[in-house]
Amino acid sequence: MIRFLLLLLFFALSLEALSSSETLKRADYYMQTKNQSNKFRAYNDYKNLYLRAVIEDDSDLKLRTLQGIVSSGRELNIDVSKYINELKKFTPADIEESKKESLAKQTYHKPTSKPMQASKKADEIHVQSLHKLESVKWNDEKLVITFDKNLDKNQISYFTIHKPSAKSYKYVIDVKSSMLIKFENISKRGIDRIKIAQYNPTTIRIVIQNSSKIDFKYEQESQNIVIDLNLDSSVREIVTTTPTRVDRNKTIVIDPGHGGKDPGAIGYKKYEEKEVVFTIANELEKILKSRGYKVFMTRNSDEFIKLSNRTKYANEKCADIFISVHANAVGNGSSDEVHGIECYFLSPSRSNRAKKVAAQENSADMSDMNIYGKDSYLNLLNHHNILASNKLAIDLQRGMLGLLNKKYDDIKDGGVREGPFWVLVGAQMPSVLVEVGFISHPKEATRLMDNNYRKTMAKGLADGIERYFANN
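Convert by adding 461 to the 1-based position in the sequence shown; the result is the number in our numbering.
Okay, structure coming up:
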């Protein structure tokens, strides 16, 4: 599966260098050859372009790529029945016009460097299986990080960063050929910050940061990395404060989830998600504007907006960050038990919990994208924004919990998680989906309908945003 996803990434990245028309010409050229590998490349070009067509709502491109998928898929004996059904939605007139346009296109000229033509070498590419991080846990003063299989010592590199002026000590471990299945939110009394994140698509970075020097040691034991911090018995409590020096020359787009014909989750006493999140988003907008930020809302009333148009709007506004506000829900069987506040950043998550939450938030506007399309596109986009979005999510979560815990009891930290949320796809800036609580939980839903609670939550989000801008 990993090999397949990495090959998909390889093909998708090749699209970025060509326009849609050039990529179509290339795919058509590959289909005219007798080489089976070239036909497979054509098939992948058509499929990746189809995803682009759906995102950009380009019906002409969608028709041409569907025709290519069906044609190449049949020659490769691949089941393309779902795409045939999509193709049937077009009229004969549409198809005839597409044929005329196709004949009028210029001939594709084979690249002299032959980046996609070296059939034997390209077919023999070996993709290394990635190590998956399985667990992170404390054993006394030692942090034990466990992977799904044994590590080699040459996969691990270690370095330190010391900034005397900032009183900052960073201890960094990179684990190559590895990937993060879920974000690990770790803390330890006496340590300022511990972070494990996906540094790039094949490297996990572990960062331990402190204002004073640590007697840091680590060792690799089969599938484990054991970090010994040798903390003194006298450790200090960490107090989180709101940064005071912040560059407020920033643009923020707030996205109140759902709206119009899409009510979102229906919870306790028939409360609707779209109303709850709009009120919180509106309050957040007021606070941020009062602090000097430029703020835009994707909707200013009860209206339905396609998911793809929400991040498109943020891109048009050249936003520095994008925050989508939502409320969670579960079925009646567990509605009295499940509650908590969560923040999600975009990633092709393998967590069943994240997938369930994402399916609920994605459902109203995904009729035009099949399962392959959703999963593939999420796997291919936004790698450059994942790390920044991860940081933003952490700061938003801290901001909300920091204020709410001062005024209310039983505030549950649901954590920071990665998830395949379609509303975040396409954002050209750090983006986070905030689940402000479970509208299905009686106590939490009642609080979410209370103006004071909403204002406190909005202020916490604003503080988290300021913390993010102060540190990044």
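Backbone N, C-alpha and C define an ideal beta-carbon position, used for all residues, glycine too.
By Cβ distance, which residues of its chain are closer than 6 Å to Ile606, with the 5 residues on each side in sequence left out? Val597 and Ile686
With burial defined as no fewer than 16 other Cβ atoms inside 10 Å of the residue's Cβ, what is the status of Ile586: buried or exposed? Confidence at Ile586 is low in this model, with a pLDDT of 31, below 50, so its placement is unreliable and the value that follows should be read with caution. Its Cβ having fewer than 16 others within 10 Å, Ile586 is exposed.
In whole angstroms, what is the alpha-carbon distance linking Leu865 and Gly921? 8 Å
Kindly identify the DSSP beta-bridge partner or partners of Thr740. Answer is none; Thr740 lacks a bridge partner.
I think Gln684 touches Asn761, with their Cβ atoms under 8 Å apart; what is that distance to the nearest whole Å? Not quite, the Cβ-Cβ distance comes to about 52 Å (not below 8 Å), so this is no contact.
Leaving aside the five residues before and after Glu595 along the sequence, list all residues of the same chain whose C-beta is less than 7 Å from its C-beta, in chain order. Thr607, Phe608 and Asp609
Under the rule that 16 or more other beta-carbon atoms within 10 Å means buried, what is Asn499, buried or exposed? buried
Rounded to the nearest angstrom, what separates Leu745 and Glu483 at their Cα positions? Their backbone Cα atoms lie some 44 Å apart in a straight line.
Should Gly834 be labelled buried (16 or more other beta-carbon atoms within 10 Å of its own) or exposed? Residue placement at Gly834 is flagged as unreliable, the pLDDT there being 48, under the threshold of 50; the coordinate-derived value follows with that caveat. When all chains shown are included, Gly834 counts as buried.
Contact defined as beta carbons within less than 8 Å: I believe Lys735 pairs with Gly725. What is the distance between those atoms, to the nearest angstrom? 5 Å
If I measure Cβ to Cβ from Ala906 and keep anything under 6 Å in the same chain, skipping five residues before and after, which residues do I get? Gly728, Tyr729, Tyr732 and Ile900
Measuring straight from C-alpha to C-alpha, what distance separates Val756 and Val895? So the alpha carbons of these two residues sit roughly 17 Å apart.
On the premise that Ile617 lies in contact with Val633, defined as a C-beta separation below 8 Å, what is that separation, rounded to the nearest angstrom? At roughly 11 Å, the Cβ-Cβ gap does not stay under 8 Å, so Val633 and Ile617 are not in contact.
Below 8 Å on the Cβ atoms is my guess for Val893 versus Cys804; work out the distance and round it to an integer in Å. Val893 to Cys804, Cβ: 6 Å. Contact.
CA-CA distance, Asp1008 and Thr552? The structure shown does not extend to residue 1008, since the chain is modelled only from 462 to 933, so the question has no answer here.
Taking DSSP as the reference, what is the three-state secondary structure of Lys624? Of the three classes helix, strand and coil, the one that applies to Lys624 here is strand, per DSSP.
As an exercise, report each continuous alpha helix (DSSP H) stretch of at least 4 residues that is fully enclosed by the stretch 851-896, in chain order. Listed in chain order, there is nothing to give.
If the criterion is Cβ atoms closer than 9 Å, does the pair Lys711 and Asp653 meet it? no
So, Tyr774 versus Ile926, is the Cβ gap smaller than 9 Å? no
Just to confirm the assignment, what range does the alpha helix (DSSP H) spanning Tyr691 have? What sits at residue 691 in the sequence shown is Asn, not Tyr. Unbroken run through Asn691: none, as it is neither H nor E.
For Trp599, count neighbouring Cβ atoms within 10 angstroms of its own Cβ and tell me buried if that reaches 16, exposed if not. Counting the other Cβ atoms within 10 Å of the Cβ of Trp599 gives fewer than 16, which makes it exposed.
Residues sharing a beta bridge with Gly720, DSSP: Asp723
Quick check on Leu537: does DSSP put it in helix, strand or coil? coil
So Asp924 is in the alpha helix (DSSP H); what residue range does that whole segment cover? Asn912 to Asn932
Nearest-angstrom beta carbon gap, Val531 and Val515 [assumed within contact, 8 Å]: Actually they do not touch by this definition, with Cβ atoms about 16 Å apart.
Taking the alpha carbon of Tyr504 as the point to measure from, which residue in Lys523, Asp518 and Glu536 has its own alpha carbon closest? Of Lys523, Asp518 and Glu536, the residue nearest in Cα terms is Glu536.
Do you know whose CA, among Leu527, Lys624 and Ser796, lies nearest Asn671's CA? Lys624
Could you name the residues of the same chain whose beta carbon sits closer than 6 Å to that of Gln858, not counting the 5 residues immediately before and after it, in chain order? Cys804 and Val877
On the premise that Asp797 lies in contact with His459, defined as a C-beta separation below 8 Å, what is that separation, rounded to the nearest angstrom? Given that the chain is displayed from residue 462 to residue 933, the structure contains no residue 459 and the question cannot be resolved.
DSSP three-state label for Pro704, please. Residue confidence for Pro704 is low, a pLDDT of 42 falling below 50, so the modelled location carries little weight; the figure read from the coordinates is stated next. Here Pro704 sits in coil by DSSP.
Provide the residue(s) that pair with His787 in DSSP beta bridges, ordered along the chain. Glu896
Measuring CA to CA, which of Phe930, Glu777 and His800 is closest to Ile855? Phe930
Any idea what DSSP makes of Gln659, helix, strand or coil? strand
Check each candidate in Gly863, Gly792 and Arg666 and name the one with the smallest Cα separation from Thr621. The shortest Cα separation from Thr621 among Gly863, Gly792 and Arg666 belongs to Arg666.
Is the CB-CB distance between Gly801 and Gly898 below 9 Å? The answer is yes: Cβ separation under 9 Å.
Tyr805 bridges to which residues according to DSSP? Arg878 and Leu894
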